[in-house]
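Residue numbers (our numbering): 39 to 221.
Structure, rendered in structure tokens:
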């Protein structure tokens, strides 16, 4: 069984980041998965109605995406505007997309207040990062989707391979019988 993988649109080469850039991730496994139709491209921020470019946004200091989901923190733009509601909407839309396509895994852009899975910015707009997850990454994890950052491609490849081995049907023996019976 070949699982599908939700991937941040910017990692797939789309210029959708807040500053209008992309962050393409050249990798042989990603190229193969794309050719096999296993990558599901999604930008939670665009799905929620943001434009490109847009003001940078960060999660409140001393908080992360899980705190935003629990309504204990906010997402604010450099302008000071509270954009928590659209970030929550984007996370929900990304989850719905992942479920609709049967995604078991997600490969997301680290540092983003939506997609960061290992690191997010610290909320001070000073360029300093801290350990934590963005809103979308936190929601996907809460719902059982395994999330990897763009810096963890080797770990994702290994995990997908392990998943495929575990999901493969048992091999038939020399008589054509499978261990589960039948032919």
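C-beta: ideal position from N, C-alpha, C; glycine also.
Query	Result
For residue 94, the nearest candidate out of 125, 203 and 107 (CA to CA)	125
Best match in 156, 130, 70 and 59 for proximity to residue 195 [C-alpha to C-alpha]	70
CA nearest to the CA of residue 121, picked from 188, 156, 82 and 141	82
Same chain only: Cβ atoms within 6 Å of residue 90, ignoring 5 sequence neighbours per side	54 and 58
Sequence-distant residues of its chain with Cβ nearer than 8 Å to residue 107 (five each side left out)	126, 129, 173, 176, 177 and 180
Beta carbon of residue 158 nearer than 8 Å to that of residue 167	yes
Buried or exposed (CB count within 10 angstroms, at least 16 for buried), residue 151	buried
Residue 193 burial status per 10 Å Cβ neighbour count (16 or more: buried)	exposed
Beta-carbon proximity of residue 41 to residue 198, cut-off 8 Å	yes
For residue 203 and residue 52, the rounded distance between their alpha carbons	32 Å
C-alpha distance - residue 138 paired with residue 75, whole-angstrom precision	14 Å
Presumed contact (8 Å Cβ cut-off) between residue 49 and residue 64, rounded CB distance	10 Å between Cβ atoms; not a contact.
Boundaries of the beta strand (DSSP E) in which residue 46 is found, first to last residue	42-46
Neighbourhood of residue 191 by C-beta, 8 Å cutoff - its chain only, sequence neighbours within 5 removed	63, 65, 67, 68 and 145
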